[in-house]
Amino acid sequence: MDAQLIAFIGVAAGMVALPGADFTVVVRNALASRSAGVSTALGVAGGLLVHTALAVAGLAAVLVTLPVLFRTVQLLGGAYVLYLGISALYAARRRTTGRTGGAEGEPAGQGTVRALRQGFLTNALNPKAPVLFLSLLPQFVPDGQPPLPRTLLLAMIVVLLALIWFPAVAFMVDRLGRWLRRPRTARAIEGGSGAALTGLGLVLVSGPLLH
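Quick note: to get this note's numbering, add 57 to the position in the sequence shown (first position is 1).
Structure (structure tokens):
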């Protein structure tokens with residue numbers, strides 16, 4: 058394994074593990090159930106696959122160079138994250154002692170599908186992701202090497218790291234579930250995640266990331 062690839066894995070691991078909307082949504086849904094948390098994690102990885110395809114196809118460059126299109130994606134992503142944040146804040150208010158089942162009392166299957174969708178949309182609609190892919194991946198393509206295979210390899214490493222990290226987060230939350238699901242603790246986490254998601258959504262909606 059070449060030195061550049063090792064360095065990229067380290068950088069990508071830090072990037073994936075950095076707390077953000079993906080992490081917050083996984084933690085929040087894992088509090089409802091392990092299956093919801095893992096489904097959310099798989100949804101996040103699915104969203105990364107979209108960004109991988111865009112980066113490899115060169116479409117991410119188009120997205121970044123067209124301000125109107127970029128801003129549209131930014132608004133959609135911000136609105137969705139804002140919706141999740143407000144929903145979490147509302148759920149924190151409604152959470153009562155003994156309610157530790159599926160999300161909002163949904164049947165397990167329906168809750169799993171919803172969690173998968175939330176994870177996917179949270180990541181797929183994140184406008185920072187294509188910028189990150191475009192700015193990071195080319196730095197680890199050696200001179201003289203065909204860019205397409207290398208870019209695909211680097212992008213798939215990011216997806217693999219996400220498939221390791223986010224399910225691990227979901228399992229960790231589930232393992233700590235007895236303590237985390239105590240009414241007072243659960244309300245605090247739900248409220249904290251809601252505030253974080255609402256803040257992220259407001260940042261995305263209120264102003265462009267690129268000038």
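Quick reminder that beta carbons are idealized off the backbone N, C-alpha and C, glycines included.
Go ahead and pull the three-state DSSP assignment for residue i.
{"i": "Asp-59", "result": "coil"}
{"i": "Leu-233", "result": "coil"}
{"i": "Pro-203", "result": "coil"}
{"i": "Ser-92", "result": "helix"}
{"i": "Asn-86", "result": "helix"}
{"i": "Glu-161", "result": "Here Glu-161 scores only 45 on pLDDT, less than 50, and its place in the model should not be relied on; the value that follows carries that caveat. Reduced to three states, the DSSP call for Glu-161 is helix."}
{"i": "Asn-183", "result": "coil"}
{"i": "Gly-248", "result": "helix"}
{"i": "Thr-153", "result": "Any reading at Thr-153 must be qualified, since the residue scores a pLDDT of 48, below 50, and its modelled position is unreliable; the value itself is stated next. Three-state DSSP puts Thr-153 in coil, outside helix and strand."}
{"i": "Val-260", "result": "helix"}
{"i": "Pro-76", "result": "coil"}
{"i": "Gly-176", "result": "helix"}
Exposed or buried, which one is residue i when buried takes at least 16 other CB atoms within 10 Å?
{"i": "Pro-206", "result": "exposed"}
{"i": "Ala-253", "result": "buried"}
{"i": "Pro-203", "result": "exposed"}
{"i": "Gly-258", "result": "buried"}
{"i": "Leu-175", "result": "It is Gln, not Leu, that sits at residue 175 in the sequence shown. The residue in question, Gln-175, is buried, as its Cβ has 16 or more Cβ neighbours within 10 Å."}
{"i": "Leu-88", "result": "buried"}
{"i": "Ser-90", "result": "buried"}
{"i": "Ser-263", "result": "exposed"}
{"i": "Ile-63", "result": "exposed"}
With distance defined between alpha-carbon atoms, name the residue in the options nearest to residue i.
{"i": "Ala-227", "options": "Gly-67, Ala-98, Ala-110", "result": "Ala-98"}
{"i": "Phe-190", "options": "Asp-59, Ala-60, Val-73", "result": "Val-73"}
{"i": "Ala-112", "options": "Ala-212, Val-262, Leu-217", "result": "Ala-212"}
{"i": "Leu-106", "options": "Met-229, Leu-132, Ser-92, Thr-179", "result": "Thr-179"}
{"i": "Phe-65", "options": "Gln-202, Ile-214, Pro-184", "result": "Ile-214"}
{"i": "His-108", "options": "Leu-259, Gly-248, Ala-219", "result": "Ala-219"}
{"i": "Arg-171", "options": "Val-68, Leu-62, Val-83", "result": "Val-83"}
{"i": "Arg-244", "options": "Val-260, Arg-150, Ala-60, Ala-136", "result": "Arg-150"}
{"i": "Val-101", "options": "Ser-92, Ala-78, Leu-62", "result": "Ala-78"}
{"i": "Phe-177", "options": "Leu-75, Ala-60, Ser-96", "result": "Ser-96"}
Can the beta-carbon of residue i be found closer than 7 Å to that of residue j?
{"i": "Leu-146", "j": "Gly-251", "result": "yes"}
{"i": "Ala-93", "j": "Gly-142", "result": "no"}
{"i": "Leu-217", "j": "Thr-208", "result": "no"}
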